[in-house]
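Novice: Handing you a structure now.
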Amino acid sequence: MSRRNAISDDDGRKDAARLLLNQPLVRASTDPEAHRLIRRHKDALAQSFRNHLGYRLVVEPHFARLYKGGLGPTGSRPLRRSGSGTPFTPRAYAYLALACSVLLTCRQQVLLSGVVREIRHAGAEAGIELGPDSPADRRALVHALRQLTDWGVITEDDGSVAGYADDPTAEALLWVDRELVRQLLAVPLREVTDPEALVRVASEPGPDGTRHAVRRRIVEEPVVIADELPEDERAWLRQYQRREAQLAEQLFGLRLEIRAEGIAAFDPLEELSDQTFPREGTLGQAALLSIAELVRRLRPAATANTREGLATVVGFDRGLLGEIVTELLARHGRRWSKEYTEHPNRLVADVEDYLVGMGLVALGAAAML
Numbered sequence: 027m028s029r030r031n032a033i034s035d036d037d038g039r040k041d042a043a044r045l046l047l048n049q050p051l052v053r054a055s056t057d058p059e060a061h062r063l064i065r066r067h068k069d070a071l072a073q074s075f076r077n078h079l080g081y082r083l084v085v086e087p088h089f090a091r092l093y094k095g096g097l098g099p100t101g102s103r104p105l106r107r108s109g110s111g112t113p114f115t116p117r118a119y120a121y122l123a124l125a126c127s128v129l130l131t132c133r134q135q136v137l138l139s140g141v142v143r144e145i146r147h148a149g150a151e152a153g154i155e156l157g158p159d160s161p162a163d164r165r166a167l168v169h170a171l172r173q174l175t176d177w178g179v180i181t182e183d184d185g186s187v188a189g190y191a192d193d194p195t196a197e198a199l200l201w202v203d204r205e206l207v208r209q210l211l212a213v214p215l216r217e218v219t220d221p222e223a224l225v226r227v228a229s230e231p232g233p234d235g236t237r238h239a240v241r242r243r244i245v246e247e248p249v250v251i252a253d254e255l256p257e258d259e260r261a262w263l264r265q266y267q268r269r270e271a272q273l274a275e276q277l278f279g280l281r282l283e284i285r286a287e288g289i290a291a292f293d294p295l296e297e298l299s300d301q302t303f304p305r306e307g308t309l310g311q312a313a314l315l316s317i318a319e320l321v322r323r324l325r326p327a328a329t330a331n332t333r334e335g336l337a338t339v340v341g342f343d344r345g346l347l348g349e350i351v352t353e354l355l356a357r358h359g360r361r362w363s364k365e366y367t368e369h370p371n372r373l374v375a376d377v378e379d380y381l382v383g384m385g386l387v388a389l390g391a392a393a394m395l
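In terms of the working numbering, the sequence shown opens at residue 27 and continues consecutively.
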C-alpha cells in the first residue's frame with residue numbers, strides 16, 4: 027500500500043470512528059455514505075473501540091451500532107429532544123422504555139392508537155402510575171415516539187405521531203423495525219433485574235477497567251477533573267496523559283488540553299458534542315460570564331486548598347450562582363433575549379443546567395466548581 031493510500035485509510039477510519047461516537051446507530055437507508063464508510067473499516071474500528079474503550083461494534087448490511095454503555099449513575103448527558111434540545115423528562119423516559127417493550131413483539135405494521143393502548147397496558151402491568159390522559163402526558167409520549175422515529179425504529183407511513191399531543195383521537199399508520207428495537211439496549215435485559223443494575227452493568231468497563239474508564243470519560247465528557255477520579259484512575263491518568271493525548275488525536279481527532287486540574291477534550295471540527303462551550307446567544311454569554319465571575323470570587327479558596335499539586339474542587343453556596351446571573355442580567359439585559367429578561371429565574375436555571383452539563387459545576391449538598 028502506498029503512503030498516500032495509507033494516510034487516506036487512516037483518515038477514513040478516523041472519520042468513521044467520529045461518526046459512530048457522535049451517532050452510535052447509523053442506518054444504511056438514511057445515511058448510506060456513512061454506513062459504507064463504517065463497513066469499509068469495520069474490522070479496524072471494532073478492534074480499536076474494543077481495545078481502546080471497551081465498546082462493542084456491530085455492523086450489519088442495513089445498520090451499524092456502537093454500544094457505548096454510558097458512564098454509570100454519575101453520568102450527566104441526558105437524551106435531548108431533536109429540534110429544541112430540551113432534556114427528556116422522567117415521564118418521557120418511562121414512555122420510551124414502555125414503547126420499546128411494546129414494539130419488540132408487535133406486528134411490523136401497526137396503528138398509533140394500538141401502540142398507545144399497548145403502552146398504557148404495559149405500564150399498568152409494570153406497576154407504573156401513568157396518571158390520567160392530559161396534554162402534558164400526551165406530549166411526553168409523543169417525545170418518546172418521535173425519538174424512535176429519529177432512530178428509525180418507527181417509520182410514519184400515513185399520518186404523524188405528533189398530532190397525538192393535541193388530539194387523543196389522532197391516528198397514524200406506522201412501520202416498526204423490530205431488529206433495531208433489539209439493538210437499542212447496551213446489554214440484554216435478561217442480565218439485569220432492575221434499572222439500577224442495567225445502568226451499572228452497561229457501564230462496567232470490563233477487565234481493563236481503569237484505562238477504559240478514564241478513556242471513556244475523556245471521550246464522552248467535556249472535562250475530566252483529576253481530583254474527582256478514584257485514586258487508581260487518577261494515578262493512571264497522571265502517568266499516561268501525554269500518551270493518551272496522542273492516541274485521542276490519532277484515533278478520534280480530539281485535542282487534549284492537559285492541566286494540573288485534569289484534562290479538557292477539544293474537537294476542532296465541533297462535531298462530537300451535543301452542546302458546545304462557549305456558545306452564542308444569551309445563555310452562552312451568561313454562562314461564560316458567570317463561570318468567569320465564579321472563578322474570580324473563589325480563586326483564593328482554590329489556591330489555598332490543594333492536594334498533591336492538584337487544584338481541588340471548590341464548594342460554594344448554590345445561591346451564589348443565582349446572585350451572579352442576576353447581577354449580569356441587570357448589567358447586560360438590554361442586549362439579551364427578552365425571553366430571559368422577562369423571566370430571570372429561567373435564565374438562572376438554564377445557566378445552572380448548562381454549566382452542570384458541561385462538567386464545569388456539580389450540584390450536591392453544596393455546589394462545586
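Note that the Cβ used here is the ideal one computed from N, Cα and C, for glycine as well.
Keep in mind it's a predicted model, so treat the numbers as computed, not measured.
(1) Restricting to runs no shorter than 4 residues, where is the alpha helix (DSSP H) found entirely within the segment 248-283?
(2) With DSSP as the reference, identify every bridge partner of residue 163, one or two as the case may be.
(3) If you drop the 5 nearest sequence neighbours on each side, which residues of the same chain put their C-beta closer than 7 Å to that of residue 35?
(4) DSSP on residue 290, reduced to helix/strand/coil?
(5) For residue 177, I'd like the list of residues in its chain whose CB is within less than 8 Å of its CB, leaving aside the five on either flank, ordered along the chain.
(6) Whose C-beta lies closer than 7 Å to the C-beta of residue 75 among residues of the same chain, with five residues either side of it excluded?
(7) Indicate the three-state DSSP secondary structure (helix, strand or coil) for residue 473 in the structure shown.
(8) If you draw a straight line from the alpha carbon of residue 130 to that of residue 208, how long is it in whole angstroms?
(9) Going along the chain, which residues of its own chain have a beta-carbon closer than 7 Å to the beta-carbon of residue 301, five neighbours each way excluded?
(10) Under the three-state reduction of DSSP, which class applies to residue 80: helix, strand or coil?
(11) Which of the three DSSP states is assigned to residue 191 in this structure?
(12) Out of curiosity, what's the CA-to-CA distance linking residue 280 and residue 167?
(13) What residue from 97, 190, 65 has the CA that sits closest to residue 86's CA?
(14) Using the Cα positions of residue 228 and residue 351, report the straight-line distance between them to the nearest angstrom.
(15) Does DSSP put residue 222 in a helix, a strand or coil?
(16) Between residue 400 and residue 126, what straight-line distance do the alpha-carbon atoms span, to the nearest angstrom?
(17) First and last residue of the beta strand (DSSP E) that includes residue 423?
(18) For residue 164, does the count of other Cβ atoms within 10 angstroms reach 16, so buried, or fall short, so exposed?
(19) Measure the alpha-carbon distance for residue 334 versus residue 124 and round it to whole angstroms.
Specialist: In short:
(1) 257-278
(2) Within the sequence shown, the letter at position 137 stands for residue 163. In DSSP, residue 163 forms no bridge with anything.
(3) Looking up residue 35 in the sequence shown gives position 9. Counting only Cβ-Cβ distances below 7 Å, and skipping sequence neighbours, we find nothing.
(4) Against the sequence shown, residue 290 aligns to sequence position 264. Looking at residue 290 - three-state DSSP - the assignment turns out to be strand.
(5) Here the question's residue 177 lines up with position 151 in the sequence shown. Taken in chain order, the residues that qualify are 51, 206, 210.
(6) Along the sequence shown, read from residue 1 onward, the residue named residue 75 stands at position 49. Excluding positions up to five away in sequence, the list reads 81, 83, 92.
(7) The structure shown has nothing for residue 473, since the chain only spans 27 to 395.
(8) For this step, residue 130 is matched to residue 104 along the sequence shown. For this step, residue 208 is matched to residue 182 along the sequence shown. Approximately 7 Å, taken between the alpha carbons.
(9) In the sequence shown, the residue the question calls residue 301 occupies position 275. These residues qualify, in order along the chain: 383, 384.
(10) Walking along the sequence shown from the start, residue 80 turns up at place 54. If DSSP states are grouped into helix, strand and coil, residue 80 belongs with coil.
(11) Here residue 191 is taken as the residue at index 165 of the sequence shown, counted from 1. In this structure, residue 191 counts as helix in the three-state DSSP scheme.
(12) Position 254 of the sequence shown, counted from the start, is the residue given in the question as residue 280. Position 141 of the sequence shown, counted from the start, is the residue given in the question as residue 167. Approximately 37 Å between the Cα atoms of the pair.
(13) Taking the first residue of the sequence shown as position 1, residue 86 is located at position 60. The shortest C-alpha separation from residue 86 is found at 65.
(14) Reading the sequence shown from its first residue, position 202 is the one you call residue 228. Reading the sequence shown from its first residue, position 325 is the one you call residue 351. Roughly 38 Å between the two C-alpha positions.
(15) Locating residue 222 in the sequence shown gives position 196, counting from the first residue. Three-state DSSP puts residue 222 in a helix.
(16) The chain is shown only over 27 to 395; residue 400 falls outside these bounds and no answer can be derived.
(17) The structure shown does not extend to residue 423, since the chain is modelled only from 27 through 395, so no value can be given for it.
(18) The residue you call residue 164 lines up with position 138 of the sequence shown. Buried.
(19) Counted from its first residue, the sequence shown places residue 334 at position 308. Counted from its first residue, the sequence shown places residue 124 at position 98. Because the pLDDT of residue 334 is 47, which lies under 50, any placement of that residue in the model is unreliable, and the question is left without a value.
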